[in-house]
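These notes concern the structure reproduced below.
Numbering (the numbering used here), first residue to last: 34 to 355.
This is the structure we're talking about:
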């Protein structure tokens with residue numbers, strides 16, 4: 034039997050024009066760009082003063098979509114984005130928290146501020162991971178043994194980055210014993226093109242070489258693109274899934290992929306329904322007991338341009354200015 038997992042990444046960089054205050058000990062205040070945007074989800078039109086504002090105001094609707102397709106996807110939402118969501122739409126924030134608490138959506142952590150972590154100094158990385166664990170700690174405690182994941186910004190990977198995460202996780206386990214096991218067992222979300230050699234068909238999961246037990250799940254890039262761009266029907270997408278044979282698959286995209294067109298959210302629900310009717314399990318990523326060892330390539334990411342690949346493997350060139 035095939036198992037398909039969805040993952041959605043939620044991050045809004047903000048339409049900030051300038052900071053109003055420079056005191057780091059005071060709450061941040063800033064001036065935002067005023068460029069009205071309207072988005073459609075089905076028959077509803079959501080308006081905002083700029084792109085960030087409009088997208089944040091759709092999070093409640095997207096949360097409802099995940100509720101109706103319960104247990105089909107995991108979601109990570111960057112800490113600052115969650116703070117802005119709470120300020121602008123408290124009901125949407127509560128809906129997202131409820132989806133995590135009830136297991137309707139799988140919970141995945143991501144560091145604050147969306148940095149490309151392999152480019153930072155070790156101390157900076159560890160500080161960001163410390164902040165991440167502290168911020169998400171209440172959610173982690175409420176996962177009740179359900180698996181949790183880690184999404185590195187742009188999936189930009191290096192062994193040193195994971196060393197920094199493990200160091201932060203170790204200290205968190207000492208200081209907050211209630212979350213120690215969950216943090217230590219966190220799995221990594223990656224792209225299949227980041228592995229040193231292509232995974233076997235239907236084998237989304239791998240144990241990362243050079244680690245004792247880190248499991249990573251690699252997204253199917255073509256299938257993820259087919260979902261995000263919304264050019265196929267639910268039946269056609271289901272046929273693409275079945276054409277890959279049995280095994281495990283991951284479709285991962287930005288949360289805004291549910292806004293690709295006015296009917297995309299309904300299309301997602303139809304895809305989940307069609308796959309489940311066709312005996313395909315649709316679940317948030319659930320790590321297997323073990324997986325074949327594969328190496329992840331240092332300084333790879335999920336967002337490299339196709340014409341920049343080297344031997345089919347991605348790089349972080351897009352984020353270096355080279």
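Note that the Cβ used here is the ideal one computed from N, Cα and C, for glycine as well.
> Leaving out five residues before and five after residue 230 in sequence, what residues of the same chain have Cβ atoms less than 6 angstroms from its Cβ?
Replying inline: Cβ neighbours of residue 230 beyond the five flanking positions: none.
>> Residues in the same chain with beta-carbon distance under 6 angstroms from residue 173, minus the five sequence neighbours each way, listed in chain order, please.
In response: Once the five neighbours on either side are set aside, the close Cβ partners of residue 173 are 212, 215.
>> For residue 105, tell me which candidate among 125, 111, 96 has the shortest Cα-Cα distance.
In response: Of the candidates 125, 111, 96, the one whose C-alpha sits nearest the C-alpha of residue 105 is 96.
> Got a sec? Which residues, its chain only, sit under 8 angstroms from residue 150 by beta carbon, not counting five neighbours each side?
Replying inline: Annotation for residue 150: 144, 158, 161, 185, 186, 189, 191, 194, 197 place their beta carbon closer than 8 angstroms to its own, counting only its chain and skipping 5 residues before and after.
> Looking only at C-alpha atoms, which of 46, 54, 127 sits nearest to residue 147?
Replying inline: For the residues 46, 54, 127, the minimum Cα distance to residue 147 belongs to 46.
>> Tell me which residue opens and which closes the alpha helix (DSSP H) that residue 93 is part of.
In response: Here the alpha helix (DSSP H) through residue 93 covers 84-101.
>> Assuming residue 210 and residue 217 are in contact, meaning their beta carbons sit under 8 angstroms apart, how far apart are those beta carbons, in whole angstroms?
In response: In fact, because the Cβ distance is near 11 angstroms, the residues do not count as touching under 8 angstroms.
> Are the CB atoms of residue 320 and residue 138 nearer to each other than 8 angstroms?
Replying inline: For residue 320 and residue 138, no; Cβs fall outside 8 angstroms.
> Which residues bound the alpha helix (DSSP H) around residue 110?
Replying inline: Secondary structure note for residue 110: it is in no alpha helix (DSSP H), and the uninterrupted beta strand (DSSP E) holding it is 106-110.
> Pick from 243, 136, 222, 245: whose alpha carbon is nearest that of residue 237?
Replying inline: Considering only 243, 136, 222, 245, the residue with the shortest C-alpha distance to residue 237 is 222.
> Helix, strand or coil: how does DSSP classify residue 79 here?
Replying inline: In the three-state reduction of the DSSP assignment, residue 79 falls in the strand class, which pools E and B.
>> Going by the DSSP bridge assignment, what does residue 181 pair with across the sheet?
In response: For residue 181, the beta-bridge partners assigned by DSSP are 140.
> So what's residue 326 in DSSP terms, helix, strand or just coil?
Replying inline: Residue 326 falls in the strand class under three-state DSSP.
>> Within the continuous beta strand (DSSP E) that includes residue 224, where are the two ends?
In response: Looking at the DSSP string, the run of the beta strand (DSSP E) that includes residue 224 is 220-224.
>> Using CA atoms only, rank isn't needed, just tell me which of 74, 228, 203, 175 is closest to residue 342.
In response: The residue among 74, 228, 203, 175 with its C-alpha nearest the C-alpha of residue 342 is 228.
> From this set, 310, 344, 339, 134, which residue's C-alpha is nearest residue 258's C-alpha?
Replying inline: The shortest C-alpha separation from residue 258 is found at 339.
> Is residue 147 helix, strand or coil by DSSP?
Replying inline: In this structure, residue 147 counts as coil in the three-state DSSP scheme.
> Helix or strand or just coil, what does DSSP make of residue 335?
Replying inline: Assigned with DSSP and collapsed to three states, residue 335 falls in coil, not helix or strand.
> What three-state label does DSSP hand residue 287 in the structure shown?
Replying inline: If DSSP states are grouped into helix, strand and coil, residue 287 belongs with the strands.
> With distances taken between CB atoms, is the gap from residue 182 to residue 220 smaller than 8 angstroms?
Replying inline: Contact flag set, yes.
>> Suppose you measure from the CA of residue 109 to the CA of residue 142; what does that come to, to the nearest Å?
In response: Going by C-alpha positions, residue 109 is about 6 angstroms away from residue 142.
> Below 8 angstroms, can you find three or more Cβ-Cβ pairs linking the region 75-95 to the region 282-297?
Replying inline: Verdict: yes, contact present.
>> On the CB-based measure, 16 or more other CB atoms within 10 Å of its CB, does residue 56 come out buried or exposed?
In response: Looking at its Cβ environment, which holds fewer than 16 other Cβ atoms inside 10 Å, residue 56 is exposed.
>> Which residue marks the beginning of the alpha helix (DSSP H) containing residue 206, and which one marks its end?
In response: Where residue 206 is concerned, the enclosing alpha helix (DSSP H) starts and stops at 192-208.
>> If I measure Cβ to Cβ from residue 232 and keep anything under 7 angstroms in the same chain, skipping five residues before and after, which residues do I get?
In response: So the list reads 225, 239, 251, 327, once near-sequence residues are dropped.
> Between residue 135 and residue 125, what straight-line distance do the alpha-carbon atoms span, to the nearest angstrom?
Replying inline: When rounded, the distance between both Cα atoms is 15 angstroms.
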